[in-house]
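Following: one structure in C-alpha cells, then a few remarks.
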Amino acid sequence: MPRVVVDVMLKPEILDPQGSAILGALPRLGFDGVNSVRQGKHFELEVSEPVDEARLRVLADTLLANSVIEEFTLRVLP
Amino acid sequence: MPRVVVDVMLKPEILDPQGSAILGALPRLGFDGVNSVRQGKHFELEVSEPVDEARLRVLADTLLANSVIEEFTLRVLP
Amino acid sequence: MIDTVERARDTPDHPQPYSELGLKSEEYHRIRDILGRRPTSSELAMYSVMWSEHCSYKSSKVHLRQFGDLPRSEVLLVGIGENAGVVDIGDGYAVTFKIESHNHPSYVEPYQGAATGVGGIVRDILTMGARPIAVMDPLRFGPADAPDTQRVLPGVVAGIGGYGNCLGLPNIGGEVVFDDSYLGNPLVNALCVGVMRHEDIRLAKASGPGNQVILFGARTGGDGIGGVSVLASETFAADGPAKRPSVQVGDPFTEKVLIECCLEIFAADLVVGIQDLGGAGLSCATTELSSAGSGGMHVVLDRVPLRDETLAPEEILMSESQERMCAVVTPSDVDRFMQICARWEVTATVIGEVNESGRLTIDWHGERIVDVPPRTVAHGGPVYERPLARPLDLDDLTAGDPGRLPRPSTSEDLQVLLLRMAASPNLCDKTWVTEQYDRYVQGNTVLAQPEDAGVLRIDEQTGLGVAVATDGNGRFTRLEPYAGAQLALAEAYRNVATTGARPLAVTNCLNFGSPEDPAVMWQFAEAVRGLADGCRVLGLPVTGGNVSFYNQTGDTAINPTPIIGVLGVMTDVARRTPMAFGTAPDEVLLVLGETRDEFGGSEWAWSEHHHLGGRPPAVDLGRERALAEILVTAAEQGLLSAAHDLSDGGLAQALVECCLRGDVGAEVRLTGDPFVNLFSESAGRVLVALPAQRRARFTELCEAHAVPVAELGTVRPEHATLTVAGQFGVPLGELRAAFTGTLPALFGSPGR
Amino acid sequence: MVTFPGSLDDRDAQRAVRLAGGEPVALWHGDADLRGVDAVVLPGGFSYGDYLRCGAIARFAPVMQTVIELAGHGLPVLGICNGFQILCESHLLPGALTRNAHLHFRNRDQRLRIENTSTAWTNAYQPADEIVVPVKNGEGCFVAAPDVLDRLEGEGRVVVRYADGNPNGSVRDIAGICNERGNVVGLMPHPEHAVETLTGPSTDGLGFFASVLTAAVS
Ligand SMILES: Nc1ncnc2c1ncn2[C@@H]1O[C@H](COP(=O)(O)OP(=O)(O)O)[C@@H](O)[C@H]1O
Ligand SMILES: [Mg+2]
C-alpha cells in the first residue's frame, strides 16, 4: 500500500519552545556541535490507490498542519 | 551547515492515540482512502562539520527517542 | 536604509504609511507637531502602536474616569493606572488581581491565543511584585453546536490549560457561555490573582539617573508584530481571518522560570522599577517606564537579544514576543541581578540607562533612530469623546416582553423542562472543560469550580484567604446596559459573599463592539456608568481592568459583555460555605430574597424560545449588601452547611447543582406559581442549607437585615430524588445524565 | 524534595512531608549533593516544560545521577506524576508514560487500590485499601511490553491501580509501580494533594509520606 509521509514544522519565524529546550539541554549532556534544533511532527499515512496527491495536500493543510503557524512537506513513497 | 533529520515513531505495537484520533476524524471531514495514520516527531538539527554520525545516533537514541517505546531514523543532509 | 532622526529632519516630505499603521491623519500630524519634524519610522511604529485603541484607551478614557472618581477606599494600596491594582487584605498581606481579554488572537489561533492570554495577565500580576496564585477564565463562544465552536472551544480550553497548568497556577473558576452573538467573536478573558507582603509591592517606573535598564526573559522574535494595532484595533474583514496576522506562540516553561527568577530578584530587593512586556512590547515598556520615573532613558537597541537576526529596528520595537520583562536596577545591584538570572538560565541583558534628559533616545548601529518625549508616546495619545446613540432597536427589544411566551402548564411539562434546562449548553455541567485545568497545584485551593467563587488560602497558620468570582451577562446588558453591568457586579459580589468572604474590590473587562458605532459607544458609556454607580453603592473600589473593543463581525456587534471580577477576604477559610447539600445532618432549605415574575433576558427565554426581549431583572444593590452581610456573618458563626447563589436558570438549576454536588436528594414545597418559582432569574437571592436546630438563629439574622427568607424544604439524603412536592420527583441518576451528558456529546467523550 | 526548572508541586510535597511528621529538605536539580537526606521525592510538574517527552530532559540533571546511584543502594525514592515520568526515563522503573488515550489533560479525584503494601512508600496502608486522591496529567498513560507487564504483575510490583474508572488509558489500570527492591516507587496520581481536608478530596495521601518515615527508621 502506498505510504505518504508528512512532516509538519513551525514556520521559521515562530518560536519553537521545544526545540529551544532541547538545544539548551545538549551541552549539559556533553553534546556539542549542534547549533540549532527544531521540533516538528511526522505523520505516516497508508493510503489506497490511486493516490490523489492534491487531495492529500488539502488534508495535510487543513488537518495535520495548522496553517496559521505551521508549514508542511509531503512525500509519497511507493 | 549540514542538517540532520531525525524521525521518531512509536513502536508499531504501542498504541498511538493521536494517529487514531486523526484517522477517526477523516471520514467526518470527507477524506476517504486513508487506512492508517501514525504520528511521530520530526527533528531538524543544524550541526557543525565534521558530522559525527555515530555520536548523533547516540544523541537520538538517548535523548530524542525513548527506546522503550519509540524507534528512530536518522538522515544526514548535506 | 535606516531611518535616523537626522534623516527625518532632512526629508520632511518623505511619505509615511501612517494609515496602514492605524493612525488617522490628525494623529499623524499631532506626532509631527510634538516632534517638530516627521517621525522616523521607528518613532512612527512606537506612536502608532501606543496610540492604538488597545494601548491608549482613546475611546474609553473619558468614561473610565468614573472609576477613579469613586470614593477613596482604605483597602486600596495601588489603584488604576499601574499594571494591576493592589488591595490590603490584612495581616500585612496584599493581593492583586486583574482581568484581560485575548479575544481576537484566540479566534485566529485558539490554542496559542488563549495560552498567551494567560501568559500576559500573569506577567501583569508578577510585575506588581506578587506571586501569582490562581487564574480564572471567563469564556464566551458561539452556539455550542456551531462548526466553528468545534474549532475554537477545544483549542481555547487546551490553550488555557496548557499554559496555566504548566505555570503551576490553579484554575479556580471562570465561565463558559454560548450565544449566537459570539460566533465570529469569541471572548477569552483571563483573570490572575497574586499575593505579596505590603513591602514587596513593585511599580513600573524608571527612576534614578544612571540606573541600568535590563531586558530579561525570552529572546525577541518576529511574532505578533503589529499584533497590537492589527489584532486588537481593527475589525476583521468580512471574509474572516484570511489576512492572518502573525501569531505569538507562548512558552509557558520560560514563563514559569521567569516567575521564579523574578520572585527571587524581588526577595533580594534588586529592582527600582519593573514592567512586563505585553502589547506593544519594548515600545510600551520603555516609554511607560521612563515617563513614570526620572523622565529620560537611553537604549541601545543592538543589545536586545534576538531570535531572528533579520529583524529591523521598527520590528524589534513592536515585537510582542512573549515571556519578557524589563527591570530598572541600580548599577551596584546589576551583578547580583545577573547571577540570579544565570541560576535560572534566564537571558538578561543591559539595554540602556535611565537619565534626566526628559527624552527617550534609542540608537541602532551607532545612529539615533528615536528621540521622543516618552510621556507623549505613553500617555499623550488622542482622547475621543465618541458620539453616543441609544440603539435604534432597543425599544423593540424591550417591548418584546417574555411574558407572552408559552409556559409549561402541567407538572409533567415542568419536569421535562427542568431536565432540558439542566442539559442546555449554558446550564449544563462544565466538567468537560474544567477537568482540563489543574485546580490542586500549590495546595491552597479551598474551593474551585463549580462552586460560586474560588477560595484560596493565603496563610497556612491563620487561615486568612481570599475568594474571587467573575460574572457577566451579555443578554441582560444588551437589554439594558446600565442594569446589565450592575447585575454582573451584583452576581459576582453575591457569589463571593455566598462562600462566606467579605467583598473587597472589583476588577473588570469590558468586551464591546466598535467604539466608532454610536450605539455600541452608548452601551459602553451606560455600562461603565452602571458599574461605577454600583461600586459606589457597594462601597467597593475598582482596582483596574481592561477594555476590548471591535468585537464584531461586519456591522454586527457582540452582546455588550462587561465581565466583572470581585475579590473578597475571609479571615479563616476553614469557615467557607460550600454548595453541596448533604454535609450536615438534618438540613433544611431556605431561600433568601424575593422571587418575582422576571424572565427578560433569562436563560429560559433564550434556550427554550430563542427569545431576547423585555427588561432584565430589577437590581437592588442595597439588598445585595444586606444579603452579603448575612452570608458573611453566618459563615463566621458557622450557621450554614451549604449556600448557592440563584442566577442563570433560577431555583431549579440551583437545586440540581446542590443535589448533584452532594449526591443527595431534596424535597421542596413551592408556594405560588411553580414555574415562576423554579425558573425566574430575579436577582438578590440565595439558596441555603443548614441544620434545623440553627434555623431560628439564622432567620433572626435575616430579619435583623430585613431580608425576606422563605422555607423551601429539606435535604433527603436517604432519597436519591429531587422532589417538588405536588409536582414531580426526578431521580438523581436521571438528573445527572442530563446535566453531564451535553458537552461530552458535543465535544467528544473523553473516555471513562 | 528535588526542584527542577518547571517543577510545580514541590512545595505541596514538602507540606505533605511536614504534615506526615518528616522534615522536608529542598534539593536543587543542578546540585549532585543530596545533603544526607533519608529519602527523595521527585515532585509533579512540567520539568523543562515537558518538552520533547515528559521527564526526558530532567533525567540528565546532575541531581539525578546521584539519585540513580543511591537508589541502587536502597535509598527510598518516590516519583509523583512528572517524577514518575523522570524515573521511567531514567530506567529506574520500567515502561513509559505516554499521551492520555483521550488526548486531554485530565484533573479529577480518583479512586485507587493499593496493591502492594510492602514498599518503602506504601507500608502504612492495608492490603486492598481504597483511597481517593487527585490525578492530573496529560501524559499519564502507562505502557510497557507484555513480558514486562507480566513480570511486574508476577512480582507484585504494581503498587497502585486505578479503581472505578481509568483516567488516562493506562494498561491494566496501572497507576503506580515499584522497582524490584521496593524502594523506588512511581505513580501518576498525587498523594500530596490529599493531605488536608480543607484543600484535598481526602487525607488518604498522607500514608505515602508516613510510610517512608517508618521505612527510614527501620
Ligand atoms: N475597564 C477598566 N476598568 C478599570 N481600569 C481599567 C480598565 N481598563 C483599563 N484599565 C486600567 O488602565 C491601565 C492601563 O491598562 P493596560 O494598558 O491594559 O495595562 P497593561 O498594559 O498593564 O495590561 C491599567 O491600570 C488598567 O487596570
Ligand atoms: Mg502591564
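Protein chains in written order, with the numbering used here: chain E, 1 to 78; chain Y, 79 to 156; chain V, 157 to 908; chain D, 909 to 1126. Ideal Cβ positions, reconstructed from N, Cα and C, are used throughout, including at glycine.
Listed along chain E, no residue sits closer than 8 angstroms to residue 1000 of chain D by beta-carbon distance, the nearest being about 18 angstroms off.
In the DSSP assignment, residue 109 of chain Y falls outside any alpha helix (DSSP H), carrying neither H nor E.
Only buried fits residue 38 of chain E, as 16 or more other CB atoms lie within 10 angstroms of its CB. The stretch 874-893 of chain V makes no contact with the stretch 954-963 of chain D, as fewer than three CB pairs between them are under 8 angstroms. Under DSSP, residue 708 of chain V shares a beta bridge with V:713. Residues of the same chain with a CB within less than 7 angstroms of the CB of residue 765 of chain V, apart from the 5 flanking positions on each side, are 561 in chain order. In terms of Cβ geometry, residue 362 of chain V and residue 484 of chain V form a close pair [threshold 7 angstroms]. Between residue 763 of chain V and residue 580 of chain V, the C-beta spacing is below 7 angstroms. The stretch 369-384 of chain V and the stretch 460-475 of chain V touch, with no fewer than 3 CB-CB distances between them shorter than 8 angstroms. Contact with chain V is absent for residue 1097 of chain D, since none of that chain's Cβ atoms lies less than 7 angstroms from the residue's Cβ. One finds 1011 in chain D with Cβ atoms closer than 8 angstroms to the Cβ of residue 99 of chain Y, taken in chain order.
Inter-segment contact for the stretch 711-721 of chain V and the stretch 665-677 of chain V is present: three or more beta-carbon pairs are separated by less than 8 angstroms.
Residue-level contact by beta carbon fails for residue 953 of chain D and chain E, as no gap is shorter than 7 angstroms. The alpha-carbon separation between residue 573 of chain V and residue 772 of chain V amounts to approximately 21 angstroms. Under DSSP, residue 735 of chain V forms no beta bridge with any residue. By a beta-carbon distance limit of 8 angstroms, residue 164 of chain V does not contact residue 439 of chain V. Their separation comes to about 17 angstroms. Boundaries for residue 1098 of chain D: no beta strand (DSSP E) harbours it, and the DSSP string shows neither H nor E there.
When C-beta atoms of the stretch 137-156 of chain Y are compared with those of the stretch 176-193 of chain V, fewer than three pairs fall below 8 angstroms, so the two segments do not count as touching. At a beta-carbon threshold of 7 angstroms, none of the residues of chain Y lie near residue 1059 of chain D; the nearest stands roughly 14 angstroms away. Sixteen is the threshold: since fewer than 16 other Cβ atoms of the shown chains lie within 10 Å of the Cβ of residue 35 of chain E, the residue is exposed. Considered as a whole, the stretch 221-262 of chain V harbours 232-234, 242-246 and 249-257 as its complete beta strand (DSSP E) runs of no fewer than 3 residues, in chain order.
7 angstroms or more divides the Cβ of residue 593 of chain V from the Cβ of residue 248 of chain V. For residue 968 of chain D, the chain E residues whose C-beta falls within less than 7 angstroms of its own C-beta are 25, 28 and 29, listed in chain order. Listed along chain V are 322, 409, 412 and 413, each with a C-beta nearer than 8 angstroms to that of residue 914 of chain D.
Restricted to the stretch 282-346 of chain V, the alpha helix (DSSP H) segments that are unbroken, complete and at least 4 residues in length are 303-323, listed in chain order. For residue 144 of chain Y, the C-beta contacts it makes with chain D under 9 angstroms involve 961, 964, 996, 997 and 1004, in order along the chain. Between residue 846 of chain V and residue 796 of chain V, the C-beta gap is smaller than 7 angstroms, which places the two residues in contact.
Residue 64 of chain E is a Cβ neighbour of residue 6 of chain E, given a cutoff of 7 angstroms. From the beta-carbon of residue 1007 of chain D, the residues of chain Y found nearer than 8 angstroms are 95 and 96. For the stretch 923-940 of chain D, the residues whose beta carbon sits under 7 angstroms from a beta carbon of chain V are, in order, 923.
DSSP, reduced to helix, strand and coil, places residue 938 of chain D outside both helices and strands of the structure shown, so it counts as coil.
Taking a beta-carbon distance threshold of 7 angstroms, residue 503 of chain V does not count as an interface residue toward chain D. The beta carbons of residue 257 of chain V and residue 702 of chain V sit about 6 angstroms from each other, so the pair counts as a contact at 8 angstroms. Excluding sequence positions up to five before and after residue 934 of chain D, its CB lies within less than 8 angstroms of the CB of 909, 911, 918 and 922, all in the same chain and listed in chain order. Residue nearest to residue 93 of chain Y within the set D:977, D:1076 and D:1115 is D:1076 (criterion: CA-CA distance). Taking 7 angstroms as the threshold, the shortest C-beta distance from residue 44 of chain E to chain Y falls below it.
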